[in-house]
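The structure under discussion appears below in the form of structure tokens.
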């Protein structure tokens, strides 16, 4: 048979699975070179880049929970908060070590070293470069530490997720986020700064965005690897039908916890990056409103669609900044516009009444008419690519769900017209 | 004498005073096709739910090959070897046909592959993925869905969705397969086809099958033995023909 | 600290929460959606009262005239007369706010939620979040970001068993009890109320029984919004300044209360609201844990949900397999 000839279909390199992080990497390289050679000097555009990277980390990680596991989480900013504060604390503890690399201390240090070749080597490298490298190492260490702490927080939030679903879980995650930022605000001022803000080391703005983009690339690769593996399938199966997943032997408990931990980890990394962009981290930044903003990005990008999440994170962050710049005094109008656009898009995309209209005039349907694809069953399966927009399990009413759930799933079949 | 696969002893469950099932004794032998029939609301699906761990029985015990599985979790019971299908189809709708089967293969020991192995794409991941796909195709071939493996499962016609549920259950490599109304909503041609498939699964996989069905032709054509339930109690038990012709059973069905 | 004081305080806070929680829970029970914008209806109610009392020309003049008349005709002291006028105006503006909020609730339901009936619940939730954003930013554009105060009158204090207690607490308590009893009776005894129960049980079946489901849903939104306006009044008599996001935190707290009580259950919302009020008031009175009072109420939520996943009075739905 034709399919037995293909020995290893899973090893095949499919560009469409890799293009997203490659583009991000390309952007990182190009902009990195530009900033190092002094082409980009405007701090504000670099700040926007940092924000975009952080937003991508947050949306991609949240989309794992919402889009793939199908549970609604309204506490994502809470994980970020854990990362920002504990990662920042770790950085504060480590930064004094860098004193060694101050010019005077460094020469004393060199004198102190008994072992001649090492001293020579250090001298050759120079204190500046050593300082930079150590700063980078500290940042990476902090990202990992902050991520791990956030993952632990994710584990704690994941535990209720085992018993609760839908709205109930959503409100518990929201409660978690509120508890977290409240705790950090009321924590002793000498540790976390209290209401006046938490002082954290600030990283060189001309390099931080590169590191942030690298973190984004790693995040995308890892998340995609998980999702395009048997574990990803187990996670999506829980989303589609938890009852059937259990009956099929899937360890629902384990996977829910894993998903919450993975998502929290990357949110924590984003938090650490955020703390390094800020001289003072304010707890107010991490209220549920921020969680909702992240959720909105995920939803606008299309549930369970990593590329969509990335694109919407980039666009919304960029537009947000741009509008703020353009509107100046009237900056509040941008929130109004944002709200109106959000409502219109969601209603347009989901209203059952507009179903036939959408199918007829959707972008993918039009594209499908232009690029007619043949549905070849002998082709190696790219089933993982078919993540559709899926309702989460908020519904409690079984009757309603069985009657109505069909609509959203069957209505959003954009490429169907093209394939037939 | 073949060995007993499933043994149910005095199984019963009450929902807040309502005795949904009581005093159920049942024994299914290896490679047997066993039918569980009864009018609507007789408690057949409840029995399945207890056997798969969805509900915890309030009395009695059941054993799978002498292993007591009473009150264990769904996942544990599945791993020990009981798989089921659902009366109202519960496929993973937004996943492809083959993915549905692949989920079933998840815990097979030969496809073991750690979380981090997949996360970092170690060689084992690719090996396992390919092997799983081959196995899934093989299972799909048995139920005749190989051609449709890359379609979304919600796009399949009803009859095929039922078959896919069987394939998914089969993929977990069970010792006992529970089919909950596998022929519901099928036309006569499809039903005949399904009977063939069920028989083939029994023969090829040495499977023991316990099934619920309303279609009496289906039951009498397939099952060696049946248990008839009514209002949660056993009405008749034994050889298919005798049990179904029992006057009590006919009365329960026709409502005399 | 006096026990009676704590009791009255917590009950009145709880009453306010219960008012808001009722809106959440009724909408959830009937439309099966999380109306995230409900908290912002409170804000709209508060701003409506602000407009009625402070912004409409001649109200001040009219107020002065009425106060003058009271002084001359009834021989009241000037201060008392002014206070009575302010209270009266406050109540009139409350009525206007109730109407405005009801209309707003119905409009929002028609424009944003109705087209999505039958769509995925998450889509509806996101739309509700969008509406919440919209209301908040619109309010900020119209009224500015600064906190503003609305005088609704001083209700004074009275002595109860030798303890001085602000009257507004008692008023809040009494009004909320009356509203809760009234609502329960309405649901239990009237045709419309029973229709609401039917819709919340099974929309499809209710429709087949000849109930106008759309009208019932709209009515639910109207009632919920009216209660939100009442809650806004309760906030104002505490002399709390109003901002464009004043509804967010009480909204979330009340939602927490609704979930604690079991969302979809009307008595559950009352119990949850009062429980939350008690927890918060008690937490505020203990200095060690006072800064963590929000965290504590959320912690209680988490614990209750873990012990009883459907809330205190929520119905347990056995999922059919």
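Chains as they are written, first to last, in the numbering used here: chain A, 274 to 693; chain B, 11 to 266; chain C, -15 to 305.
Just so it is clear, CB atoms sit at the ideal spot from N, CA and C, and this is done for glycine as well.
Here the structure is a predicted model, which means the values were calculated and not measured.
- When the beta-carbon positions are compared, residue 207 (chain B) and residue 153 (chain B) come within less than 8 Å of each other.
- Fewer than three Cβ pairs drawn from the region 478 to 494 of chain A and the region 93 to 101 of chain B lie within less than 8 Å of each other, which leaves the two stretches out of contact.
- For residue 312 (chain A), no beta strand (DSSP E) encloses it, and the DSSP letter there is neither H nor E.
- The C-alpha of residue 168 (chain B) lies about 37 Å from the C-alpha of residue 584 (chain A).
- By the criterion of a C-beta distance shorter than 8 Å, residue 267 (chain C) is surrounded in its chain by 273, 274, 276, 277, 280, 281, once the five residues flanking it on both sides are discounted.
- Against chain C, a Cβ distance below 7 Å from residue 457 (chain A) picks out nothing, because the smallest value is about 11 Å.
- Around the beta carbon of residue 85 (chain B), a 10 Å sphere encloses 16 or more other beta carbons of the protein chains shown; the residue is thus reported as buried.
- Nearest neighbour of residue 242 (chain B) by Cα position, chosen from B:56, B:13, B:197, turns out to be B:56.
- Chain-order list of chain A residues neighbouring residue 62 (chain B): 519, 520, by C-beta distance under 9 Å.
- Taking CB atoms only, residue 440 (chain A) has a neighbour in chain C less than 8 Å away.
- Here the region 180 to 189 of chain C lies against the region 6 to 26 of chain C, with 3 or more beta-carbon pairs under 8 Å apart.
- Using a Cβ-Cβ cut-off of 8 Å, residue 507 (chain A) is close to 113, 116 of chain B, given in chain order.
- Within the region 112 to 134 of chain C, the residues whose Cβ lies closer than 7 Å to any Cβ of chain A are, in chain order, 113, 114, 115, 117, 118, 121, 122, 124, 125.
- The alpha-carbon separation between residue 586 (chain A) and residue 453 (chain A) amounts to approximately 24 Å.
- Against chain A, a Cβ distance below 8 Å from residue 182 (chain B) picks out 521, 522.
- Here residue 186 (chain C) carries a coil assignment [DSSP, helix/strand/coil].
- Beyond the five residues adjoining it in sequence on each side, residue 366 (chain A) comes within less than 7 Å, by CB distance, of no other residue in the same chain.
- Residues of the region 607 to 630 of chain A that bring their beta carbon within less than 8 Å of a beta carbon in chain C comprise 608, 609, 611, 612, 613, 615, 616, 619, 620, 622, 623, 624, 625, 626, 627, in sequence order.
- The Cβ-Cβ distance between residue 93 (chain C) and residue 202 (chain C) falls below 8 Å.
- Within 7 Å of the CB of residue 461 (chain A), no CB atom of chain C is found; the nearest one sits about 11 Å away.
- Looking at A:388, A:412, A:576, the one whose alpha-carbon comes closest to that of residue 547 (chain A) is A:412.
- The region 189 to 220 of chain B is shown to contain whole alpha helix (DSSP H) runs of 4 or more residues at 198 to 215, in chain order.
- The beta carbon of residue 583 (chain A) sits no closer than 8 Å to any beta carbon of chain C.
- Along the length of the region 93 to 161 of chain B, whole alpha helix (DSSP H) runs at least 4 residues long occupy 107 to 114, 125 to 129, 133 to 153, reported in chain order.
- Put simply, the backbone Cα of residue 432 (chain A) is about 20 Å away from that of residue 514 (chain A).
- In this structure, the straight-line span from the alpha carbon of residue 231 (chain C) to that of residue 172 (chain C) is close to 30 Å.
- In the structure shown, residue 171 (chain C) adopts helical secondary structure according to DSSP, grouped into three states.
- Excluding the 5 residues flanking it on each side, residue 109 (chain C) has same chain C-beta neighbours closer than 8 Å at 17, 18, 20, in chain order.
- Look at the region 551 to 570 of chain A: the residues with a C-beta under 8 Å from a C-beta of chain C are 561, 562, 565, 568, 569.
- Contiguous alpha helix (DSSP H) elements confined to the region 508 to 592 of chain A occur at 515 to 520, 525 to 550, 561 to 574, taking only those with 4 or more residues.
- When C-alpha distances from residue 156 (chain C) are compared across C:88, C:249, C:26, C:2, the shortest belongs to C:2.
- Contact between the region 130 to 150 of chain C and the region 59 to 73 of chain C is present, with at least three C-beta pairs closer than 8 Å.
- Annotation: Cβ neighbours of residue 286 (chain C) in chain A (cutoff 8 Å, chain order): 433, 445, 448, 449.
- Uninterrupted alpha helix (DSSP H) stretches at least 4 residues long and entirely within the region 328 to 367 of chain A occur at 349 to 355, 361 to 367, given in chain order.
- Closest in alpha carbon position to residue 68 (chain B), among B:157, B:27, B:39, is B:27.
- By the CB criterion at 8 Å, residue 616 (chain A) and residue 5 (chain C) fall outside the cutoff.
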